[in-house]
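Student: Just so we're aligned: the sequence shown equals residues 14 to 381 in my numbering. Using N, Cα and C, we set each Cβ at its ideal position, and we do this for glycine too. This is the structure I want to talk about, given as structure tokens.
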Amino acid sequence: MTSLEDLPLRPELRGRTPYGAPQVPATHRLNTNENPHPLPAELLADLGAALGSAALELNRYPDRDAVALRADLAGYLSRTSGERVGPEQVWAANGSNEVLQQVLQVFGGAGRTALGFTPSYSMHPIISAGTGTTWVDGHRSADFTIDPAAAVAQLREVAPDVVFVTSPNNPTGTAVDLETIVELYDVTDGVLVVDEAYTEFARSGTPSALGLLPGRPRLIVSRTMSKAFGMAGLRLGYLAADPAVVDAIQLVRLPYHLSSLTQAAARAALAHTDALLATVDAVKAQRDRIVDALPAMGLTSVPSDANFVLFGHFADAPAVWQALLDRGVLVRDVGLPGWLRVTAGTPAETSAFLTALEAVVAESGGRL
Numbered sequence: 014m015t016s017l018e019d020l021p022l023r024p025e026l027r028g029r030t031p032y033g034a035p036q037v038p039a040t041h042r043l044n045t046n047e048n049p050h051p052l053p054a055e056l057l058a059d060l061g062a063a064l065g066s067a068a069l070e071l072n073r074y075p076d077r078d079a080v081a082l083r084a085d086l087a088g089y090l091s092r093t094s095g096e097r098v099g100p101e102q103v104w105a106a107n108g109s110n111e112v113l114q115q116v117l118q119v120f121g122g123a124g125r126t127a128l129g130f131t132p133s134y135s136m137h138p139i140i141s142a143g144t145g146t147t148w149v150d151g152h153r154s155a156d157f158t159i160d161p162a163a164a165v166a167q168l169r170e171v172a173p174d175v176v177f178v179t180s181p182n183n184p185t186g187t188a189v190d191l192e193t194i195v196e197l198y199d200v201t202d203g204v205l206v207v208d209e210a211y212t213e214f215a216r217s218g219t220p221s222a223l224g225l226l227p228g229r230p231r232l233i234v235s236r237t238m239s240k241a242f243g244m245a246g247l248r249l250g251y252l253a254a255d256p257a258v259v260d261a262i263q264l265v266r267l268p269y270h271l272s273s274l275t276q277a278a279a280r281a282a283l284a285h286t287d288a289l290l291a292t293v294d295a296v297k298a299q300r301d302r303i304v305d306a307l308p309a310m311g312l313t314s315v316p317s318d319a320n321f322v323l324f325g326h327f328a329d330a331p332a333v334w335q336a337l338l339d340r341g342v343l344v345r346d347v348g349l350p351g352w353l354r355v356t357a358g359t360p361a362e363t364s365a366f367l368t369a370l371e372a373v374v375a376e377s378g379g380r381l
């Protein structure tokens, strides 16, 4: 059998493993941060009609610039943020991962460096490696926040070409204040990407970085329809930035990268924004329910502005992960010693998780 070691891989890819969350059999799968609520019936009806209409012209290439979709996304951002965002400022691709890949193809690459404040989204260094971009771990404080002074000092030392700030952060759930983002932007000559995949779940008063775009041509805000919109299977991500950034992205995008069906489905979903986002408050309620229940078990959590909770501290987090799985609940071991991450599910899923966790704690006699 031929192995990877037998192939002429690029040197920086040797020894790496692909991204993936274990999808082992479990009654309650709370490990991948999906929105647990199904799509509303009225959207499903419109979705079928939109896809049927698009299918009539599948013999033709799709709109390669996704003009109508970008206009709808701009409208959504403008309505929900209170900031004026034009279609010329928006770009869409197959999930936010492709958006980030295109950003790195344009602004990263061989001889260039990307920096992100780890622990953070594990795809950032993976995509960097895939584009030949050197990755540097940025530092976080013990409470998983970004210390502005330390971060500024590190950016001055490294001078990265691309900086990633994930807000709310995955896997910790912590949001980054706008003042810190501005300080980081001002100290770098590269592009700064604020990854806002979970921003719709943020607690009241947590602002988006969209308001920082005017006058900052190197600032990029990335979003997704996989989380709050509950359309992880659609694979639609997008960014908002200066129009010049959108022009630059088009230098590397593949021809007709977004299918006609994807564009039609995304536009149908955006027409039902209010119904889709109605589930956000329900998810936030379950997130807060988890946070509130942990202290009685002798556990704690990191303050979360996302649809998940990082909880601990455990002497042996992998053992707790296995004990929960033995009780039918799958959470995520993100590799942080002492911590596990759980997605906020439906009320029934949250109850199952809390019941299982309580049993694990009781069984251990509090010696986790």
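Within this structure, are the beta carbons of D346 and A330 separated by less than 8 Å?
Tutor: Mapped onto the sequence shown, residue 346 falls at position 333. Mapped onto the sequence shown, residue 330 falls at position 317. Cβ distance < 8 Å, so D346 and A330 count as in contact.
Student: Do the region 286-295 and the region 153-166 touch if we need at least three Cβ pairs shorter than 8 Å?
Tutor: Counting Cβ pairs under 8 Å, fewer than three are found: no touch.
Student: What beta strand (DSSP E) runs, 3 residues minimum, are completely inside the region 232-281?
Tutor: The region 232-281 contains these whole beta strand (DSSP E) runs: 232-237 and 250-254.
Student: What's the C-alpha gap between R383 and F177?
Tutor: Summary: the structure shown does not reach residue 383, with the chain confined to residues 14 through 381, and so no result is reported for it.
Student: Go through its chain and collect everything with a Cβ distance to V333's Cβ below 7 Å, but skip five positions before and after it.
Tutor: What you label residue 333 is simply residue 320 of the sequence shown in a count that begins at 1. Result list for V333: F327, L353, V373 and L381, in chain order.
Student: On the criterion of 16 or more Cβ atoms from any shown chain inside 10 Å, does M14 qualify as buried, or is it exposed?
Tutor: Numbered from 1 along the sequence shown, position 1 holds the residue referred to as residue 14. Classification of M14: exposed, given that the 10 Å Cβ count is below 16.
Student: Determine contact between the region 291-299 and the region 139-147, defined as no fewer than three beta-carbon pairs at a distance below 8 Å.
Tutor: The answer is no - the region 139-147 does not touch the region 291-299, with fewer than three Cβ pairs under 8 Å.
Student: Could you give the distance in angstroms between the alpha-carbon of R125 and the alpha-carbon of V171?
Tutor: Counting from one through the sequence shown, the residue named residue 125 turns up at place 112. Counting from one through the sequence shown, the residue named residue 171 turns up at place 158. Taking the straight line joining both Cα atoms gives about 11 Å.
Student: Would you call the CB atoms of P38 and E362 closer than 8 Å?
Tutor: Translated into positions along the sequence shown, residue 38 becomes position 25. Translated into positions along the sequence shown, residue 362 becomes position 349. No.
Student: Taking the alpha carbon of K240 as the point to measure from, which residue in P100, V175, W148 and L52 has its own alpha carbon closest?
Tutor: Position 227 of the sequence shown, counted from the first residue, corresponds to residue 240. K240 has its Cα closest to that of L52, out of P100, V175, W148 and L52.
Student: Could you tell me how far apart the beta carbons of D174 and F120 are, in whole angstroms, since I believe they sit closer than 8 Å?
Tutor: By 1-based counting over the sequence shown, the position of residue 174 is 161. By 1-based counting over the sequence shown, the position of residue 120 is 107. At roughly 6 Å, the Cβ-Cβ gap stays under 8 Å, so D174 and F120 are in contact.
Student: I'd like the ranges of any alpha helix (DSSP H) spanning at least 4 consecutive residues and lying wholly in the region 115-199.
Tutor: Counting only runs of 4 or more, we get 136-143 and 161-171.
Student: Can you tell me where the beta strand (DSSP E) holding T356 begins and where it ends?
Tutor: For the purposes of this step, residue 356 is taken as residue 343 along the sequence shown, with counting starting at 1. W352 to T356 is the extent of the beta strand (DSSP E) around T356.
Student: Note down the Cα distance separating A54 from D339, rounded to an integer number of angstroms.
Tutor: The count along the sequence shown starts at 1 and reaches residue 54 at position 41. The count along the sequence shown starts at 1 and reaches residue 339 at position 326. The straight-line gap from Cα to Cα measures roughly 35 Å.
Student: At which residues does the alpha helix (DSSP H) containing D59 begin and terminate?
Tutor: Here residue 59 corresponds to residue number 46 of the sequence shown, with the count starting at 1. Counting along the chain, the alpha helix (DSSP H) containing D59 begins and ends at A54 to A68.
Student: In whole angstroms, what is the alpha-carbon distance linking A336 and G129?
Tutor: Reading the sequence shown from its first residue, position 323 is the one you call residue 336. Reading the sequence shown from its first residue, position 116 is the one you call residue 129. Their Cα atoms are separated by approximately 33 Å.
Student: For R300, does the three-state DSSP call read helix, strand or coil?
Tutor: Translated into the one-based positions of the sequence shown, residue 300 becomes position 287. Note: R300 maps to helix in three-state DSSP.
Student: Evaluate contact between the region 105-114 and the region 248-261, counting only Cβ atoms and requiring at least three cross-stretch pairs below 8 Å.
Tutor: Touching, yes, given that three or more Cβ pairs across the two stretches are closer than 8 Å.
Student: Where does T313 sit, in a helix, a strand or coil, going by DSSP?
Tutor: If you number the sequence shown from 1, residue 313 lands on position 300. In the structure shown, T313 sits in a strand (DSSP, three-state: E or B).
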